[in-house]
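Written below as structure tokens is the structure these notes are about.
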Amino acid sequence: MTMKQFLSSSTCLSCRGCCRFPEEESEWRPKVTRDEEQVMRAVSANDASSTHPVVDDDGYITTKQCHGLFICRFYNTENGECGVYQDRPLECRIYPFVLTQQEGKPAVSVHLECPYVQQTKGSAKYQEYVEFLQQYLADDERLAVLQSHPHLFGAYESSQDELETVFNLDDLTYPCSGRGEQA
Ligand code: SF4
Ligand code: SF4
């Protein structure tokens, strides 16, 4: 099953609300699987502009400082595009849907701060995407990857009022903690 996009690149390019964070260690930075980390490292291998590791010890992509904000190290400030768009992590592909924890169990929530969510939530298009995402994440191979990377499910303790649970991932059987091992 091919990943579908909920919104178009042009919508995001006119919004530019993503890929930037108020704090260097923001819980909203994308988290990656071990395979995704390898890809990010390979892409950054020739980047001499940063001495930071590509991914930190907790599995988050690191940031760079820009005009008082912290932006994803792969964000291109000149054209607003993702520098690893074809290889971007699952978390970036599914946003404004977010892997979260509800009472310590894995779930998918939607980020209510996204303007496109505010415009479309409750519409047929929104519902259709939720159903697609539910099926997409229920694939055995993807479930195995999620099962082995519990750190992908963020607690978002300080942002709970910005999130609304969309569905639970009942097929995953772990309490959400730790970084997990590669599938
Ligand atoms: S906040 Fe929503 S519309 Fe804006 S860039 Fe992010 S995903 Fe796109
Ligand atoms: S990897 Fe790309 S899409 Fe994801 S936060 Fe970084 S710049 Fe944005």
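Everything in the sequence shown is counted per this note's numbering, starting at 80 for the first residue and increasing by one.
Beta carbons: idealized from backbone N, C-alpha and C, even for Gly.
This one's a predicted model, so the numbers in the text were calculated from it and none came from an experiment.
Item to check | Own chain partners of residue 155 with C-beta closer than 7 Å, once the 5 adjacent residues on each side are dropped | outcome: 162
Checklist entry - Per the contact definition of three or more C-beta pairs closer than 8 Å, is the stretch 226-237 in contact with the stretch 94-110? => result yes
Next on the checklist: Tell me the rounded alpha-carbon separation between residue 201 and residue 125.
Outcome noted: 44 Å
Checklist entry - What did DSSP end up calling residue 204 once you bin it into helix, strand or coil? => result helix
Checklist entry - Roughly how many angstroms separate the alpha carbons of residue 192 and residue 98, rounded to a whole number? => result 14 Å
Item to check | residue 142 beta carbon less than 8 Å from that of residue 103 | outcome: yes
Checklist entry - From residue 121 to residue 227, what does the alpha carbon distance come to, in whole angstroms? => result 22 Å
Checklist entry - What residue ranges within the stretch 177-251 form continuous alpha helix (DSSP H) runs of no fewer than 4 residues, ordered along the chain? => result 194-199, 203-216 and 219-226
Checklist entry - By the 10 Å Cβ neighbour count, where 16 or more other Cβ atoms means buried, how is residue 95 classified, buried or exposed? => result exposed
Checklist entry - From the beta carbon of residue 215, is the nearest beta carbon of chain D less than 8 Å away? => result Here there is only one protein chain, and chain D is not present.
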